[in-house]
Each structure stands twice: as C-alpha cells, then as structure tokens.
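Going left to right, the sequence shown walks through residues 83 to 494 as my numbering numbers them. Note that the Cβ used here is the ideal one computed from N, Cα and C, for glycine as well. Just so you know, these numbers come straight off a predicted model, no measurement behind them. What follows is a single structure, written as structure tokens, with notes after it.
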Amino acid sequence: MDFNFLSTCQLESREVYKTAESLKHYIRDLMETAEKNSYETPESFINLPFDEQMLKSVLELKERYVSSKLKYILVIGIGGDSLGTKGIYDALLGNFDIFENDRYPKLIFMDTINSRFREKLLQLLNQIKDPEELLINAISKSGSTMETRDNLDFILENLSYAKDRLICITTASKNNEMWNYFFDKSNVCLKIENKVGGRYSLLSPVGLLPLACTGINIIDLLEGAMEMRKVCIDSNVENNFAVLSSASVYLNYKKGKDIYNLFFFHPELESTGKYCNQLIAESLGKEKDLNGKTVNVGITPITSVGTTDLHSMEQLYLGGPKDKFTSFVFTRELENEKKVFALLKGVEKTYDKHKMPYSEVVLNKIDARSLGEFIMFKQIETIFLGKLLNINAFDQPAVEEYKKETQKLLNQ
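Right, dumping it as structure tokens:
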C-alpha cells in the first residue's frame, strides 16, 4: 500500500510534520503495547493479527463445521459485529454473488430487525435439506445487543436444528449476560477480548471465523495487517502512513473541513467504506474531551463510489460548501482501466484547481492481504485522530442513551 498526500492536502509540510511529531509519545505507547503482545489496553487490537492461539481456535472450528455441503453462513450481529466482516466479504466475493449462483458458501447478514427480510430468509432456509448446509454465527460483544438476541431467538424458534449449527462469539466473562445466554443456546462459544472494542474487533474471531468459512484466506488478511502495523507504529513519522494521514485530516478539520469523504474507485469496496464510517463516527464523535470539558467534536465520514457518485454527489463536492477532506482509494491495477483511471485523475486535477484537499491510498490489488493492510491503517489512523482531538476513541457513551430509552419503552 502507498499513501500520497503532501502535494495535495493543501497544508504546509512543516505544519503536518509538526502535528505528526506531537503523536510520538502515543506511538511509543503503541510500541510498548505491541511488545507486550497482550490485551491490557483498548489499543491492544493491534495485537490481534499476531494471536496464534486465536487463529488456531478459528481454524479448528472451520475444520469442524465446514464441509462440502455448506451453502450459507448466517451472521447474526450488528455494528462492529458485522460491518467489517461484510466489508471484506463484499470486496472479495459478495459484490459478485448475483453472478455466481453456484459458488458456495455465501454469507448472509442478519443485522437489524425487519419482518420482510425474515420472511424471505425463512423461505430460503426452509429449502435446506441437510443441516450441514447452514452455519449460524451469532455475535455480540456487549452482551446487550437487542437486535442480535431478537434475531437469534427468531432463528432458533423457526429452525429445529439451529442449535446444533450455532457458534456464538462474545466477551468471555461470567458477568456478561450474553455469554450465559449463548451457552444456553449453544455448546460452542468463542471469546472477544474484553479490552478490544467492537469496532476494532474485525481481526478477531468476529470477522475471522465467518470469513474463513467462506474460503477467504484469513492468513493473508492477518499478514497484511501485520505488515501495516509495523508501518503505523514507526517512530519515524515521515514513514508512518497512519500518523501522516491523521495529521492531514486533523489540520484540515481545524480549518473547517469536518467531513471526511472516503472515495473508493472500486464499487466492491463500498461496504468497506460503511465499516470505516462506523469506525470514524463512533470513535470521534464525542460530547466531552478527556478533561471532561463539553466540546461536541466529531469528524463526519461519508463513503463515495467512483465512478457512480461522479454523477450524483460530485456536483455538491465541487460546487457546494468547501467542508470536505477527501481520501481517494484505488488499486495499482486501476491504471489498466484507462477510462476509469482517466476519470479519477480528472477529478483530482479539478480538486487541485479548486484547492480542495485530498490524499491517495493506493492498494496493490483487491485481495485479502491488501484489505488487511487497509483495515489496520484505518484503525490506527482513527485512534491517532482521537488523540489529536483529545477524546476517548474507544467508548460510545451517547448511544447508550437511546438504548436505555428503548428499554424503558419495551418495559411499559
């Protein structure tokens, strides 16, 4: 992966490097976290790709549950329990499912509660003749995810064999309601480390198990993440993609560019963008800073797809408010698609003309290794932004409010 920014971010290089240097103490903290190779802090998600025991447990379950008969893997989860997995799956396989009717197994994501979706899903699952054709993966880190529990109950009530084909993933804690709840439903449970937040858990069993069961090479995915971790905790900030990107985004945010547009020039990466939306929005949108002061900060992420959104959103981007920082994401292979590549470069030249800030993230290709690199890059970039904004990038106190109000209404 390459990262290009200096000539296009509309900032003085000394300003960017000075801001990047201010994160050196945090980089040292991350290096210490990496050296410990444990799960003692929220930043410990950077150790997930190196967890050999975790990988072993995932591959053992794959061996146990996946046969040539397997057709569908039903992922029951929402938010950080499914968005990242869908991002990887759609990029590599799912975006082309409609053209590959005979390719199995396929992932089905059951996130929100929707009666029409349930009806159609049951019609499909009722065609199953052998339980080995289905694997159910229910995921909830928090132990209080209403949608996940409701959807799981629905499946268990309607499929007599569901319990025998169910693998649950949640926090390994006796105090976790979901852990006990799952063990009543299934004999198989994988743990999510307590300190690893849901939106940072993609490279844990949360994402690895369902992706591995589809045949995606999760070892390549993890190796890509390993390589990018080295880059993104490098104390030489001039070589550190995540720290340079976060500095560019932050400084533009301070100048009124509070919308972060991830512009993917490969349609199959749109779901990856939606995962990035959650990562950025939930991590950086905070009412209070680390000192307890009310600040109401936040960077608003949006996902654009080239070339489709050149014909829907680009008029706003070019002619509307100058409140956006754009990251163009594409692969080296795009140069072989002359028309699309010309459109991308034409857009960039127009941005240069209008002094609109942007960066480039250039992936080698769309494969598991490159996606592993990209995911680790975005995760570490996000926590650097949290540090620059002086907020906690690992909690989400505001969303707990609506959950409490919802529960009150349901209890009436």
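Classification of residue i by the beta-carbon crowding that lies within 10 angstroms, buried from 16 upward
| i | result |
| --- | --- |
| E463 | buried |
| E275 | buried |
| Y342 | buried |
| F181 | exposed |
| Y320 | Tyr is not the amino acid found at residue 320; the sequence shown has Glu there. Its Cβ having fewer than 16 others within 10 Å, E320 is exposed. |
| G280 | buried |
| L234 | buried |
| A480 | exposed |
| R96 | exposed |
| L334 | First, the amino acid is wrong: residue 334 is Asn here, not Leu. With 16 or more Cβ atoms within 10 Å of its Cβ, N334 is classed as buried. |
| L491 | exposed |
| T167 | buried |
| T390 | exposed |
| L426 | buried |
| L372 | exposed |
| T115 | buried |
| T432 | exposed |
C-beta atoms of residue i and residue j nearer than 8 Å
| i | j | result |
| --- | --- | --- |
| D302 | A475 | no |
| S286 | L398 | no |
| T227 | I155 | no |
| L304 | L137 | yes |
| G218 | L248 | Reading off the sequence shown, one finds Ile at residue 218, where the question assumed Gly. Yes. Within cutoff. |
| K356 | S283 | no |
| G401 | F345 | no |
| P213 | D172 | no |
| V157 | M113 | no |
| F410 | F347 | yes |
| V98 | A244 | no |
| K336 | P124 | no |
C-alpha distance - residue i paired with residue j, whole-angstrom precision
| i | j | result |
| --- | --- | --- |
| S386 | S242 | 42 Å |
| D340 | C250 | 38 Å |
| R200 | F407 | 39 Å |
| L88 | L203 | 49 Å |
| A102 | F127 | 22 Å |
| S394 | K421 | 19 Å |
| Q489 | D232 | 13 Å |
| T90 | D434 | 7 Å |
| T230 | N418 | 43 Å |
| I448 | K273 | 29 Å |
| Y484 | T194 | 16 Å |
| N472 | K151 | 51 Å |
| I362 | P349 | 20 Å |
| N493 | Y121 | 37 Å |
| E134 | C271 | 18 Å |
| N262 | R110 | 38 Å |
| M83 | E415 | 12 Å |
| K370 | T376 | 4 Å |
| I300 | N446 | 17 Å |
| K404 | H436 | 10 Å |
| L392 | V140 | 41 Å |
| C358 | R198 | 28 Å |
| V325 | K211 | 52 Å |
Cβ-heavy atom distance, residue i to the ligand NAP, below 7 Å
| i | result |
| --- | --- |
| E482 | With respect to small molecules bound, the structure shown includes none, and the ligand NAP cannot be examined in it. |
Supposed close pair residue i, residue j - CB separation, criterion 8 Å
| i | j | result |
| --- | --- | --- |
| V444 | F412 | 6 Å |
| G162 | S353 | Not a contact, Cβ separation roughly 14 Å. |
| Y440 | E455 | Actually they do not touch by this definition, with Cβ atoms about 20 Å apart. |
| L453 | G306 | 7 Å |
| Q360 | L165 | 5 Å |
| E215 | K153 | 4 Å |
| F58 | S327 | No information on residue 58 is available, as it lies outside the stretch 83 to 494 that the chain covers here. |
Q. Touching or not, the region 453-462 and the region 99-111, by the rule of three or more beta carbon pairs under 8 Å?
A. no
(Q) Can you confirm whether the region 374-382 touches the region 199-210 when touching is taken to mean that 3 or more C-beta pairs between the two stretches lie within less than 8 Å? (A) no
Q: Would you check if the region 284-298 and the region 141-152 touch, i.e. whether three or more CB-CB distances between them fall below 8 Å?
A: yes
Q. Does the region 185-193 come within contact of the region 306-313, defined as at least 3 CB pairs closer than 8 Å?
A. no
Q. Is the region 466-475 in contact with the region 359-378, if contact means three or more CB pairs nearer than 8 Å?
A. yes
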